[in-house]
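Residue numbers (the working numbering): 2 to 409.
Note that CB positions come from ideal geometry on N, CA and C, so glycine has one too.
Since the model is a prediction, treat every value here as computed from it, not as a measurement.
Here the structure is laid out as structure tokens; the discussion comes afterwards.
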């Protein structure tokens, strides 16, 4: 026996579909909204009709969203899935609701079981396509609050097929200037690191040219994680946020591929930057000796595995730093970021003759890898190019320079 409410829904659908101007049938659309929260088969049809005619009734938009959001959290799995699939269509019709819908999807992503995660993720990616700036802003807000699961959907969107130029501009102009004020950013909190990891994804798939102003924003944040040499150097490594440095140094290194002349007219800035990098090298060298003891253990616990990741982070940082000491600074080296289990997509582009001189760091820390000997002119000439002739090098500078010049 056919339930009478499904008949009513079919009649309402035919009225709206057959009308040249559906907006003239407000009572019909209002009736559809009033028939929600019934049997699953009825609710599934409501899920189809609300977004289909949503744009014709802006005066009922608030009520329609309330009903539709309830359907997205219905007890029946089939109803939930049908409603979630239709959410992006609401964004496409009226973009001002993107923030509300993206926020709901982020919420659903956290509480949804594994069987529905893919549907929620696909809908979130579609919302990002409709209104990227608003959607990414919501995602970053969720990350700041500690909701890292939403990061996976955002990262899915950033790939070689999708140009990330617009998102890189948004990150550099809207997020980075305020980044150090985010909770825990100075101390490398999980939410802060998650945001920086997303930045690396965005930068990897961007091909903007002449972006000195964007690199400035990355550089300003990076230098705040690079201390200047201090007299008291004991346990310096404990104060350094190596994961943050890896993300920012990689991002700057990658962005300079499109603007290799970034430091050309900034000799003082480059000199200061190199001094900070040398200090970081010395601290990381000390920390590496401490961490390497974990490699001798046959059985490793969670803490040991975290130390191995830190070793990989430090190794990546060292590789990138060497490029900044070439004259002029180059961007030849390729690395696999510490949190990636596969080869970095940026390394999959067609290799050039310059790329072939560099080897990608692979596998666990401690494996033997071949790395190119860094070309460095004779030390006196190198030092003259790097520092003004009237500057005397300290014992630390001499040690660090010697460390950089020598192959590991």
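Considering only the alpha carbon of each residue, which of 188, 239, 186, 207 lies closest to residue 256?
207
Sequence-distant residues of its chain with Cβ nearer than 8 Å to residue 298 (five each side left out)
Closer than 8 Å at Cβ, skipping near neighbours: 305.
Quiz prompt | Cα-Cα separation, residue 1 to residue 197 | solution = Summary: the structure shown does not reach residue 1, with the chain confined to residues 2 through 409, and so no result is reported for it.
Which of the three DSSP states is assigned to residue 328 in this structure? coil
Cβ neighbours of residue 158 in the same chain (closer than 7 Å, five flanking residues each side left out)
126, 129
Item to check | Cα-Cα separation between residue 239 and residue 42, rounded to whole angstroms | outcome: 60 Å
Practice problem: State the DSSP-derived secondary structure class of residue 17, mapped to helix, strand or coil. | Solution: Residue 17: helix per DSSP, three-state reduction.
>> Classify residue 315: buried if its beta carbon has 16 or more other beta carbons within 10 angstroms, exposed otherwise.
In response: buried
Exercise. Taking residue 117 as the reference, give the member of 262, 48, 80 with the closest Cα.
Key: 80
Does DSSP classify residue 173 as helix, strand or coil?
Taken through DSSP and simplified to helix, strand or coil, residue 173 comes out as helix.
Compute the distance between the beta-carbons of residue 223 and residue 250, then report whether it is under 9 Å. It is a contact, given that the beta carbons lie within the stated cut-off.
Give the range of the alpha helix (DSSP H) segment to which residue 191 is assigned.
-> 191-205
Check: From what residue to what residue does the alpha helix (DSSP H) around residue 138 run?
Finding: Residue 138 -> alpha helix (DSSP H) spans 133-145.
task = Taking the CB atoms as reference points, tell me whether residue 102 and residue 111 lie closer together than 9 Å.
result = Taking 9 Å as the Cβ cut-off, residue 102 and residue 111 do not qualify as a contacting pair.
request  = Round the Cβ separation of residue 336 and residue 282 to the nearest angstrom and send it over; I've been treating them as touching at under 8 Å.
outcome  = That pair is no contact at about 16 Å.
Exercise for review: Sort 132, 200, 241, 309 by Cα distance to residue 254 and report the nearest one.
Suggested key: 200
Which listed residue (135, 107, 23) has its alpha carbon closest to that of residue 122: 107
Practice task
Could you check if residue 18 is buried or exposed, using at least 16 other CB atoms within 10 Å of its CB as the buried criterion?
Solution key: exposed
query: Relative to the C-alpha of residue 9, which residue among 29, 333, 54 is closest?
result: 29
Problem - Rounded straight-line distance, which links the Cα of residue 293 to that of residue 136 - result: In a straight line, the C-alpha of residue 136 is about 42 Å away from that of residue 293.
Inter-residue spacing [alpha-carbon to alpha-carbon] between residue 175 and residue 25 = In this model, residue 175 and residue 25 are separated by some 43 Å (Cα to Cα).
Original post:
Of all the options 244, 264, 225, which has the alpha carbon lying nearest to the alpha carbon of residue 211?
Top reply: 264
Q. Would you report the Cα separation of residue 16 and residue 46, rounded to the nearest angstrom?
A. 15 Å
(Q) Just to confirm, is the Cβ distance from residue 84 to residue 72 under 9 Å? (A) yes
Under 7 Å Cβ to Cβ from residue 202, same chain only, skipping five residues before and after it: list those, please.
-> 156, 159
- Query: Just to confirm, are residue 169 and residue 141 a CB contact at a threshold of 9 Å?
  - Reply: no
| Alpha carbon to alpha carbon, what distance is there between residue 269 and residue 190? | 32 Å
- Message: DSSP three-state label for residue 362, please.
- Response: For residue 362, the pLDDT reaches just 33, beneath the cut-off of 50, and the residue's location in the model is therefore unreliable, leaving the point undetermined.
ask   = What is the DSSP secondary structure of residue 227, reduced to helix, strand or coil?
value = coil
### Message
Considering just the uninterrupted stretch of the alpha helix (DSSP H) at residue 46, what are its terminal residues?
### Response
Run containing residue 46: 41-53, per the alpha helix (DSSP H) assignment.
| request: Please report how far the alpha carbon of residue 324 lies from the alpha carbon of residue 275, in whole angstroms. | output: 11 Å
Where residue 348 falls: helix, strand or coil (DSSP): Per-residue confidence for residue 348 stands at a pLDDT of 43, beneath the threshold of 50, marking its modelled position as unreliable; the derived number appears in the next sentence. Reduced to three states, the DSSP call for residue 348 is helix.
ask   = Who are the Cβ neighbours of residue 177 in its own chain at under 7 Å, not counting the five residues just before and after it?
value = 218, 219, 222
Does DSSP put residue 185 in a helix, a strand or coil? coil
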